[in-house]
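Just so we're aligned, residue 8 is where the sequence shown starts under my numbering, counting upward by one. Every residue gets a Cβ at the ideal spot worked out from N, C-alpha and C, and that includes glycine. Beneath this line is the structure, given in structure tokens, with notes to follow.
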Amino acid sequence: MFAGGTGTSGSAMEWGMSELMRNPPVMKKMQALIREAFRGKTAVTEGDLQASNLQYLKLVIKEALRLHPPAPLLVPRESIEECELDGYTIPAKSRVIINAWAIGRDPKYWDDAGEFKPERFEDGSQDFTGSSYEFLPFGSGRRMCPGFNYGLASMELVFVGLLYHFKWSLPEGVKDVDRGEAPGLGVRRRTPLMLCASPFVPVPA
8 MFAGGTGTSG
18 SAMEWGMSEL
28 MRNPPVMKKM
38 QALIREAFRG
48 KTAVTEGDLQ
58 ASNLQYLKLV
68 IKEALRLHPP
78 APLLVPRESI
88 EECELDGYTI
98 PAKSRVIINA
108 WAIGRDPKYW
118 DDAGEFKPER
128 FEDGSQDFTG
138 SSYEFLPFGS
148 GRRMCPGFNY
158 GLASMELVFV
168 GLLYHFKWSL
178 PEGVKDVDRG
188 EAPGLGVRRR
198 TPLMLCASPF
208 VPVPA
């Protein structure tokens with residue numbers, strides 16, 4: 008579970024940083040909130056993060072996971088008996104695979120579905136537990152990812168560390184971040200994300 012959580016969290020973090028680099032206003036807002044919340048600290052701990060309650064950070068992570076879910080195809084389900092779903096007859100013992108990647112980009116449920124807009128989650132109606140079926144980054148029900156809390160905590164702490172301690176820019180000559188995806192069971196970047204980091208010295212409190 009820990010190995011899987013680390014791998015998927017790393018991929019989600021890479022996509023999150025990719026989207027922040029493609030959306031400078033979101034990056035600027037996120038860094039300003041983080042640096043204000045932890046001003047004067049030389050390092051940010053998990054306890055500091057829990058006490059800060061950075062809601063915008065959670066919105067950014069939700070939006071990154073909506074566009075780039077760690078597992079685009081959820082764990083298969085098997086129908087116990089014949090049933091009808093959206094006009095389709097599903098025979099008993101059919102193996103059903105849910106495409107979370109497609110659901111997260113479906114314009115029927117999301118305005119500007121292909122755009123990175125963390126504010127879309129401000130009303131709080133979609134959470135990470137799979138209670139809203141248009142947002143299923145970790146699945147839903149008894150078969151949802153058992154390590155989702157560990158993965159989220161890891162992502163939050165790493166995000167804060169990266170954005171608090173460093174300024175980020177694209178390498179010289181690179182104009183934009185490639186959003187291409189590599190084929191496979193997970194949603195990985197087609198090319199590794201290459202960024203330039205400049206140390207940021209926290210302002211003393």
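Cβ distance (whole Å) where residue i is taken to contact residue j below 8 Å
i, j, result
"Y63", "L80", "Actually they are not in contact, since the Cβ atoms of Y63 and L80 sit about 30 Å apart, beyond 8 Å."
"L170", "Q57", "The pair is not a contact, with the Cβ atoms about 17 Å apart (cut-off 8 Å)."
Buried/exposed call for residue i, threshold 16 Cβ in 10 Å
i, result
"N30", "buried"
"K182", "exposed"
"V82", "exposed"
"I133", "First, the residue type needs correcting, since residue 133 is Gln and not Ile in the sequence shown. Q133 comes out buried."
"K69", "buried"
"G131", "exposed"
CA-to-CA distance, residue j to residue i, given in whole angstroms
i, j, result
"L66", "E126", "7 Å"
"K36", "G17", "23 Å"
"M201", "E91", "47 Å"
"S147", "G180", "43 Å"
"L72", "R196", "14 Å"
"A25", "S86", "At residue 25 the sequence reads Ser, which differs from the Ala that was named. Distance between the alpha carbons of S25 and S86 is about 38 Å."
"D185", "N106", "23 Å"
"H172", "A204", "9 Å"
"I104", "E43", "44 Å"
"T96", "R102", "13 Å"
Nearest candidate by alpha-carbon position, reference residue i, set the options
i, options, result
"M20", "S205, G168, S176 and P206", "G168"
"W108", "S59, P190 and A204", "P190"
"Y140", "C203, T96 and R112", "R112"
"L177", "E163, E188 and P199", "P199"
"K100", "L61, W175, I110 and E88", "E88"
Every unbroken alpha helix (DSSP H) within the segment 21-55, with a cutoff of 4 residues, ordered by chain
If we require 4 residues or more, the alpha helix (DSSP H) runs fully inside the segment 21-55 come out as 31-44.
Any chance you could list the beta strand (DSSP E) runs of at least 3 consecutive residues sitting entirely within the segment 121-186, in chain order?
Qualifying beta strand (DSSP E) stretches, in chain order: 173-176.
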